[in-house]
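Asker: Take a look at this one; I'll ask things after.
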Amino acid sequence: MKTIVHKIRLKDISLYHEFRDWVIHTDYQACHQLDSVLAFDVIDVSQPADAQFHLIEIIRVSGLEAFERDMQTPIFQSLVARFEQMAEVIEEISGERIGNGYQQ
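Numbering (the numbering used here), first residue to last: 335 to 438.
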């Protein structure tokens, strides 16, 4: 399993509530149609307009090749188009989880 982490900066902080609503009602729901996505979370980090970044997203995928195929689908492309109207990824990191991790 591969984990991808994006730092996200809103293009305008006034879009915060609209972006949050879109994540909950559209972005999360679309994951059901993306076979490679095993888990997806968006985390609120900071709301000041001048923050370096406002949110992070954590995407756990079955593999990069499968995720790249999903990225070519119309549903994923529609997500990208809407995302880019409101926000930008300012940094991306990815890696493999060590062991099974911990969850209580």
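Built from N, CA and C at the ideal position, the CB exists for glycine as well. Note that the structure is a prediction, hence the values are computed from the model and not measured.
Tell me the DSSP secondary structure of H388 in three-state form.
Answerer: Coil.
Asker: Shortest alpha-carbon distance to A373 belongs to which of S396, R354, D355 and F387?
Answerer: Taking only the C-alpha atoms, the option nearest A373 is S396.
Asker: According to DSSP, simplified to helix, strand and coil, what is V379?
Answerer: It is coil, neither helix nor strand.
Asker: Contact between the stretch 350-369 and the stretch 410-423: three or more CB pairs below 8 angstroms?
Answerer: Yes, they touch.
Asker: What does a CB cutoff of less than 8 angstroms around P408 pick up in its chain, not counting 5 residues either side in sequence?
Answerer: Result list for P408: empty, nothing under 8 angstroms.
Asker: Taking L368 as the reference, which of Q438, V339 and I393 has the closest Cα?
Answerer: It is I393 whose Cα lies nearest to the Cα of L368.
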